[in-house]
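> Numbering-wise (numbering that gives the first Met the number 0), the sequence shown opens with residue 0 and increments by one.
Beta carbons are placed, not taken as given, at the ideal position from N, Cα and C, and that holds for glycine.
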Amino acid sequence: MRFETDTKLITCILPKGKALLMQQALVDEKSIHDGNFHFGRGVGRGSHIQDIGIGEQEEREILEVIVPAEQADELFHFMFFTAEMDEAHGGLIYVTSMVRSTTMTLPEITEEK
Numbered sequence: 000m001r002f003e004t005d006t007k008l009i010t011c012i013l014p015k016g017k018a019l020l021m022q023q024a025l026v027d028e029k030s031i032h033d034g035n036f037h038f039g040r041g042v043g044r045g046s047h048i049q050d051i052g053i054g055e056q057e058e059r060e061i062l063e064v065i066v067p068a069e070q071a072d073e074l075f076h077f078m079f080f081t082a083e084m085d086e087a088h089g090g091l092i093y094v095t096s097m098v099r100s101t102t103m104t105l106p107e108i109t110e111e112k
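#1: Report back the beta-carbon spacing between residue 24 and residue 81 to the nearest angstrom; my notes put them in contact at under 8 angstroms.
#2: Taking Cβ positions, are residue 12 and residue 61 nearer each other than 8 angstroms?
#3: Taking a contact to mean a Cβ-Cβ separation below 8 angstroms, would you say residue 10 touches residue 63 in this structure?
#4: Roughly how many angstroms lie between the CA atoms of residue 96 and residue 68, to the nearest whole one?
#5: Can you tell me where the alpha helix (DSSP H) holding residue 81 begins and where it ends?
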């Protein structure tokens, strides 16, 4: 195990169906394979019933990626526009400083004859 101390966590909260596409774009265009993707559910306030004070349950996808600190701004910009977060209801993105993260690597596997 190798510890990293100069990393940032980029978290994207996206509409359902967008996180896997974003994760694939990170792999294809930025060679970033370190991501964690899970689901959440919450109450949105942008529905037609907001006037009566209750929100609508919506499923969201959450993509978290730990990146080197020096690449955080570039990757934030890439993720923001690739996932179309500049559009209405496009999602939310934020960056968190990490005290320490652990680099996990898979062992070398040799083919047996």
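With the given structure in hand:
#1: Going by Cβ atoms, the distance from residue 24 to residue 81 rounds to 5 angstroms, so yes, they are a contact pair.
#2: Yes, the Cβ-Cβ distance between residue 12 and residue 61 is below 8 angstroms.
#3: yes
#4: 8 angstroms
#5: Per DSSP, residue 81 is one residue of the alpha helix (DSSP H) stretching across 71–81.
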